[in-house]
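Chemist: Chains as they are written, first to last, in the working numbering: chain L, 5 to 260; chain W, 5 to 260; chain V, 5 to 260; chain U, 5 to 260; chain X, 5 to 260; chain D, 5 to 260.
Next up, the structure:
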C-alpha cells in the first residue's frame, strides 16, 4: 500500500495500519448543481481525490475515511438534483465517524472539505466535537490555501463555484466531472441582494444562488486548464501537509 | 444515457430526466469489517452496483442518488476500522435526501440496502418519512429476495456476512472488494448468547459480532463464485423490478 | 407472591425481590383498532398477561414492569381511536425505564412485545440501549415463536392482526377484549400496494391498513378458540423461557 | 355504555362516540415508591379511577384515553422500584396522544394527574401543545381542588404522599393498593434542605425524598379511611366537572 | 467591590472571588408586554435589580451571572413586541450557564425569577439539572415570598402582572420602567375561559392574555407606590437570604 | 423617541413603531474573559451600543431587540467566569426571537455580533432560519467592516480580542468596561498549535485560548484610544447602514 484508505482495507489491514496512523482525514463534499458543465458530485469527488493525494504524501501517518458525499447546499436547492443536508445532520455524521474511530484509537481528525458552504458548519463541528469528545478536530477547504497559484491564474472578479479554479482542479484530478462541450461563463445577474452579501462586505447572510447566477456557475470556466489545476492542487497539498506536520509535531518519515 | 445516476449528471440533465422519473433509489451501505477477505466498504459498493443495474433495467423511470456509505454497525465496532452511524443519524440523512428530492418533484423512494443491520432503522425511517413528509418510502435488502438462487447454491447453516453468498455477489459485481488469497470460513464460536438470538429464535437482541465469530465472517467464503453471484444478483433485480412496476402501476416502456 | 409484578409491590418488597431478580420484562403493547370484534387496548393487555405468566414461570428470577400501553400504530391511524407513538417517543420511554431500573441494579431486559408494528423500533432500541447504557436488551414478539401451534391451527393465508390467532390468544388470556357477537373475517381489498409489501416480498414499506382491509382486521376470527389460544400461548412461553434460561446461564430453581 | 373508555372500545364504537365527545381525559400517574403501605402503581391507578368516574359523570361528552402510567419521579429514584420519565419523554408521549386524537377530531384535552411531581411538566406541556398543535390543553391534580374535605379531615402538617389523604382515596377507589398491616406514619427527618424547599417557602428546588423521610411516606396513613376518601374524591369530581362544563360551554345533558 | 456581579468583573477578579463564593444567582426575566404603563423588559430588569441586592446582602458568598432576559411568554404573544422562548430553549440556556460555572467550581445555583410564567419551566430545569449535572439548583419568584407586605398593601382580587404590586416594585427598583402618565387599571373581560383557569381553581391550563385583559395588565397600577415596593422587595430579600443561609449551612459573615 | 429599542417600549409603542420598521437588529455578545483589563460582558455591551447607534441612524426603520448576552466561548472556558452556550442553544434562542417577531410582522433580521467566535454559528443560523422560517436573516461582526480605520490605527500582528482595537471601541462606547490601570499587552506563547490555526492558514480548528496567551488577551491594549475607537465605530456603522439600505431597497428618510 502507498496510502491508507479505509474503504479499500480489511479489518486486519486497518489493525496493522493503526500502529503508525496519527490522524484521520474525512473528505467532505456536497451534492449540488455546478452549472451546465460540471456534474453534481464534483465537490465530493474532488475532496476524495485531494484526501487520497494527501494520504500518499503523508503515508503511513494518515488514513482516509469514507467520504461524506452530501453537504450544506440549501442555497442551490432551486436547481434540479441538489440535495441539502441540514447542518445538524452533517454534524451528527461527523460525530459518529469521530467517535467510532476514537474507539479504534484515533484522536486527531481533519475534515478535508471541498465545498465552501460547509465551512461554517465544520467550524461549529470542530468546536463541539473537540470539547465534547476529547479529540482534536481540524478542517480545511481543499484548495483554499493555494493563494499564489490562484492569484497568478484566476482573473474573474467573482469566482469560487464551477469557475475556472474549480474546473481546473477537476481537469487535473477527475476530468470525467466536466462536460467539455458545455464550458461557459457564469451568467451573473446585474443586481440583487447577493452584491451586499459576498465575502468581504459589511454584512453577510443567506441568499439563493439563482439570485446571483442564472446558469448556476460563476467565474469563467472557459479559462480553466489542467495545468492551472495541477498548480493549485499541489500548492494546497503542500500547505496542508506542512501545517499538519507542525500540528502533529512530526516530520513525516522520522522514526517514532 | 442508459441510466440516471445523480452523481454523474448536471442540473440541466437532471431537469430533463425528471420528466420521466417516477422513483428515486437511494443506495445504502455500511462501513464495517467483513472478515479477512473483504474490504470494509463492500456493503456500500454492492448497494451502489445493484442500484445502477436497477436504474439501467428501469430506465428512464428511476434515478439513483448518492450512496449512503455508512450505516448501523454497532455490532462490528470492536473490529478495527468499523464506523457506526446512530440510527437517528441515518434517519436524518434519509430525511434530508427525501425532502430535497421532493422539492424537485420526486415523491416515491426506494432505500436499496446492502447491509442487514440497517433493516430495522429503514423500517422506522419508512414509517416516519411516509407519514410526516407525505411521500412513499419503500426499502429492500439488495439480494434478500433471491431465495431460489440462495437455496440452490448456499449450504452453510449460518450465513449472511462475508459468506459465500456475499462474496459471490462481490465476485460478480465488484471483484476488487475481495482478497482472493485470504478467502476463509467463518471461525464461529461454539457457544454464546448469539445462538439464542439469531433470526427465527424466540428472542432477539443486540450482540457483538466477536461473540459469534473470531475472524469477523460467517459461512464459507471459499465456496463463493462469480456464477453464483450472477444468479443471485439477477434473481433479486428481477424481483425488485417486478414489485416496483406493480407499485408504480406502470409497465416500464409503456407510454405515459 | 408467586410472581414479581412491579405494579403490585411496595418499595420494601422490591428491595427484597432484587436479591434474586436477574431480568426485567417490559410488556409493550399498542393502542390501535383491531376491527369490529376486539377492543383497542388488546395488544397491551395480551402483552401484560404474557409477561405475568412468564414471571410466574420464572419466579423469582424475573420482574415485570408497568406496561408500555401505546406503540407504533401510524398505519392504523385512519381508524378512529388509534393512538400512535413516534418511534423516538417509544425509545425514550424504554430508555427511561431501563436507566431507572439499572439504578436499582438490574442490567438485563426483555421487551415482551404484543404488536408487530413495534418490532423494528424495538430492534433499534435494543441496539441503542445496549451500546449506550451498558445493559443487555432483548426483545420478543409475545407469541411469535409458537410456530408449531400456529402451523397446525391457523389456516388463513394472510393473518396477524385481529385474526384467528390473536383472537384465540385473547379468548384464553383476556376474553373481555372480544365482542363475540361481532366476530368476522377480514374484509380484504382485492388489489393495492400492500400485496407487494407483505413480509417475504422483495420490497417492504409503509402502507396504511385501510389499503388492505376495509373492516380493520385480517384472517378469520370466526375460527378462533380458547383452546387454540392456550396452545399458542404455552408454546411461546416455553420457548421464551427456554431461551432466557440459556441467556441468563441459569436453570431456574438452581441455587445462586 | 355508561362511560367512554378508549381501552374498552372497538373502532366502530369510538367512531360513534365521537359524535358527542367534546374532550378527552388523559389519566397520568407515576411509578414510584409510596412507603411501606402502598404499591408503586398507585398514582396511575388512582388517576385512572378518577378519570373513569369523571367519564361516567360527564357521559357522553368525555372519553378517557389509556393511562400514562409513569411520570416525573426523579426525587424518589433512590427507593427501589421507582421509574422516572424525563420531562421531555412525558411531553413527547402527551404530544403523540394529543396529535393522534386530533386526527380523529378531538381538540380539547384534560390531563388528569395523580402525581404532584408531574404538575410543572404538565404546565409546560399545556403551553407547548396549546400553542404548537392548535388545541386546548388543560390539566388538573386529581383531588387537588377538594379543599373543604381536606381541611376538615387531614391534620398532618406535612402531607401529600402516601399520607392519610392519599391512602383514604385509595381505600375508597382501589383498596388493593394498600397493605393494611403496614400502615404507618411518615418517618420524617428532623432537619435537611427540604424544610426550606416545601411549598410556600421563599425558595423551591429539587431534593431527594430520602432527605425528608426515611420510610418514603409523609403524613399519617393510620388516620386514613374510606369515608374520608369518598368525600375528597367527590368534592374533586364535582369541582372538575363544574369547571369543565363552564369551559366547554355546555351543561351536560343539554341538547346539542 | 460590595457585590460580585460577573458582568462587571475581569477573569482575575472572578478567580479571586471564587475563594468565597458558594452560590451563583442567575436572574431570569421575560420580554413581554406589560400593559400601557410598563416597558417590555421589566421582568428582566427587576430580576437583575433583586439579584444585585441579594448579592450585596450576601457578599462575598454569592455571585450574579448575566441575566436571562427573555422567557416563557407564549400567552402574551398577541401583544406587539413580546418574545417567547420555548421551554426547551430556556432549559438549554440554563444548562449551559450551570455547566460552564460548574467548570469553574460552582455547584449551587439559584434561578431568581421575575416572571411567573417561567416557574414551571424552572421547576423542570431544577429537576433535570440537579439529577443530570450533579449540582444543586434552586429557584425563587423574586418577590413571591413577600406575603405580609402584599396582604397588607395589595387590594385587587386578581393581580400579578403590571399591577399595583409589580409597578410598586418598579417604582422602588427601576422607575424608568414606568410610564407614569399611562398608569391604569387592568381592563378585564367579564367572562372567558380564564376564570376557570386561575391559580386555585380545579383546573389549570394555557390561555392567552387577551382573553383576560384588553389592555394587557391586571390589578390596579394607579394604587402603586415606591413605599409599597420597598416593603415588598425587602421582605422578599430577607426571606430568600434567610432560606439560602440555611441551605448553604452558613451564617454569612462567619469564618470559613 | 429617536431610536426604537424594544427593551424600553410598551406594547402600544411597539404597535405604533411597526408601521415603519423594516428590520429588527438582534445584538449578540458573549460572556467571556477579556484579559486583565476588560470585564467579561464587554462583547454584549459593545454589540448593544452599536445596535443602538444603528437604530438612531436608521430611525424609524430599525428596531433593536433584547441582547443575546452570552455566546460561543468554549475556547475561553479555562479562564474563570467564562460562560459558553452550545451552538444549538444560540440557534434556538435566535429562532425563538425570529419567530416571535415574525408573529408581529417583522421578516428581516440582522444579527449584530460583537464576538468573532459566534460568526460560524450565526452563518448556520442564517441558513437554517432563512430556509425554514421564510425570513431574511443577515449577520455582521460589529466593526468587522472598518477596514480603513483598522489598517491605519492597529499595528499588532495578531489582534482581535481585548486588543487595541477592541479596547479603543470600549473607550469610545462604554469606558466602564475597562480597567485603565490594568491595560497590558497580550502575553503570547512562543509556540503552539494556534500558530497553524489562525485565520489565513491552510488549516483551521478549535484550540483553547490559553494555548495562545497567558493573560487572556492579544494585541497591545496600551495603544488603545477613544479617538481610534470613534473612527472604527463610525466607519463600521456607515458601512452596515449603507449595505442595509441597499438590501432593504430603501433610502432611509424616503417616503414609503
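Backbone N, C-alpha and C define an ideal beta-carbon position, used for all residues, glycine too.
Quick check: the Cα distance between residue 23 (chain W) and residue 47 (chain L), rounded to an integer number of angstroms?
Modeler: Near 26 Å, if we compare the C-alpha coordinates of residue 47 (chain L) and residue 23 (chain W).
Chemist: Quick one: residues in its chain with C-beta nearer than 7 Å to the C-beta of residue 257 (chain W), no 5 flanking neighbours on either side, listed in chain order?
Modeler: Confidence is the limiting factor: at residue 257 (chain W) the pLDDT is only 47, short of 50, which leaves the residue's position unreliable and the question unanswerable from this model.
Chemist: Should the region 197–213 of chain W be regarded as contacting the region 236–248 of chain V, the criterion being three or more beta carbon pairs within less than 8 Å?
Modeler: Cβ pair count under 8 Å is three or more, so yes.
Chemist: Examine chain W for any beta-carbon lying closer than 8 Å to the beta-carbon of residue 104 (chain L), and answer yes or no.
Modeler: It does: the Cβ of residue 104 (chain L) has a partner Cβ on chain W nearer than 8 Å.
Chemist: Can you name the residues of chain W whose CB is closer than 8 Å to the CB of residue 91 (chain V)?
Modeler: The answer, in chain order, is 128, 131 and 132.
Chemist: Quick check: the Cα distance between residue 192 (chain L) and residue 94 (chain W), rounded to an integer number of angstroms?
Modeler: Cα to Cα, residue 192 (chain L) sits roughly 37 Å from residue 94 (chain W).
Chemist: Can you name the residues that DSSP bridges to residue 112 (chain D)?
Modeler: In DSSP, residue 112 (chain D) forms a bridge with D:140.
Chemist: Name the two residues that bound the continuous beta strand (DSSP E) containing residue 70 (chain W).
Modeler: That residue, residue 70 (chain W), is in no beta strand (DSSP E); it is neither H nor E in DSSP.
Chemist: Just to confirm, does residue 18 (chain W) get its C-beta within under 7 Å of one of the non-hydrogen atoms of the ligand NAD?
Modeler: As far as ligands go, the structure on display features none, and thus does not contain the ligand NAD.
Chemist: Count the other CB atoms, across all protein chains shown, that sit within 10 Å of the CB of residue 84 (chain D); report buried if there are 16 or more and exposed otherwise.
Modeler: Buried, since its Cβ has 16 or more Cβ neighbours within 10 Å.
Chemist: Does the beta-carbon distance from residue 223 (chain L) to residue 168 (chain L) come in below 8 Å?
Modeler: Against a cut-off of 8 Å, the Cβ pair of residue 168 (chain L) and residue 223 (chain L) comes out as a contact.
Chemist: Using a Cβ-Cβ cutoff of 7 Å, what residues of the region 188–215 of chain D are near chain L? List them in chain order.
Modeler: Those residues of the region 188–215 of chain D that come within reach of chain L (Cβ to Cβ, closer than 7 Å) are 197, 200, 205, 206, 207, 208, 209 and 210.
Chemist: In whole angstroms, give me the CA-to-CA distance for residue 19 (chain W) and residue 99 (chain D).
Modeler: About 34 Å.
Chemist: Tell me, please, which residues DSSP counts as bridged to residue 117 (chain L).
Modeler: Answer is L:32 and L:145.
Chemist: Looking at residue 32 (chain D) and residue 51 (chain D), is the spacing between their C-beta atoms short of 8 Å?
Modeler: Going by C-beta atoms, residue 51 (chain D) is nearer than 8 Å to residue 32 (chain D).
Chemist: On the three-pair Cβ rule with 8 Å, is the region 226–242 of chain U touching the region 7–18 of chain D?
Modeler: Taking 8 Å as the limit for Cβ pairs, the verdict is that the region 7–18 of chain D does not touch the region 226–242 of chain U.
Chemist: Would residue 235 (chain L) be called buried (16 or more neighbouring beta carbons within 10 Å of its own) or exposed?
Modeler: Answer is buried; the Cβ neighbour count reaches 16.
Chemist: Which residues, in chain order, does the region 10–40 of chain D contribute to contact with chain L at a C-beta distance below 7 Å?
Modeler: Those would be none; no residue qualifies.
Chemist: Please tell me whether residue 220 (chain D) has its Cβ less than 8 Å away from any Cβ of chain X.
Modeler: Yes, because at least one Cβ of chain X sits closer than 8 Å to the Cβ of residue 220 (chain D).
Chemist: Residue 11 (chain D) to residue 146 (chain D), Cα distance in whole Å?
Modeler: If I take the Cα positions, the gap works out to 20 Å.
Chemist: Let's test the definition: count the other Cβ atoms within 10 Å of the Cβ of residue 80 (chain D) and tell me whether it reaches 16, buried, or not, exposed.
Modeler: That one is buried.
Chemist: State the Cα-Cα distance for the pair residue 61 (chain X) and residue 30 (chain X), rounded to the nearest angstrom.
Modeler: The alpha-carbon atoms of residue 61 (chain X) and residue 30 (chain X) are separated by roughly 16 Å.
Chemist: By Cβ distance, which residues of its chain are closer than 7 Å to residue 154 (chain L), with the 5 residues on each side in sequence left out?
Modeler: Cβ neighbours of residue 154 (chain L) beyond the five flanking positions: 169 and 236.
Chemist: Just reading off the alpha helix (DSSP H) that residue 54 (chain X) is part of, what are its end residues?
Modeler: Looking at the DSSP string, the run of the alpha helix (DSSP H) that includes residue 54 (chain X) is 46–61.
Chemist: On the criterion of 16 or more Cβ atoms from any shown chain inside 10 Å, does residue 112 (chain W) qualify as buried, or is it exposed?
Modeler: Classification for residue 112 (chain W): buried.
Chemist: Does DSSP put residue 182 (chain V) in a helix, a strand or coil?
Modeler: Residue 182 (chain V) falls in the strand class under three-state DSSP.
Chemist: On the criterion of 16 or more Cβ atoms from any shown chain inside 10 Å, does residue 233 (chain D) qualify as buried, or is it exposed?
Modeler: Buried, by the Cβ-count rule.
Chemist: If you count every other CB in all the chains shown that lies within 10 Å of the CB of residue 180 (chain L), and 16 or more means buried, which is it?
Modeler: Exposed: under 16 other Cβ atoms inside 10 Å.
Chemist: Using three-state DSSP, classify residue 158 (chain L) as helix, strand or coil.
Modeler: Note: residue 158 (chain L) maps to coil in three-state DSSP.
Chemist: Please report how far the alpha carbon of residue 37 (chain X) lies from the alpha carbon of residue 102 (chain U), in whole angstroms.
Modeler: The straight-line gap from Cα to Cα measures roughly 30 Å.
Chemist: I'd like the list of long-range same chain contacts for residue 128 (chain D), defined as Cβ closer than 8 Å, with 5 residues on each side in sequence excluded.
Modeler: Cβ within range, chain order: 91 and 95.
Chemist: Name the chain U residues whose beta carbon is nearer than 9 Å to that of residue 243 (chain X)?
Modeler: The contacting residues are 205, 206 and 207.
Chemist: So for residue 38 (chain L), helix, strand or coil by DSSP?
Modeler: Of the three classes helix, strand and coil, the one that applies to residue 38 (chain L) here is strand, per DSSP.
Chemist: DSSP state of residue 249 (chain X), grouped into three classes?
Modeler: In the structure shown, residue 249 (chain X) sits in a helix (DSSP, three-state: H, G or I).
Chemist: On a Cα-Cα basis, can you pick out the residue from X:109, X:66, X:142 and X:149 that is closest to residue 239 (chain X)?
Modeler: Ranking X:109, X:66, X:142 and X:149 by Cα distance to residue 239 (chain X) puts X:149 first.
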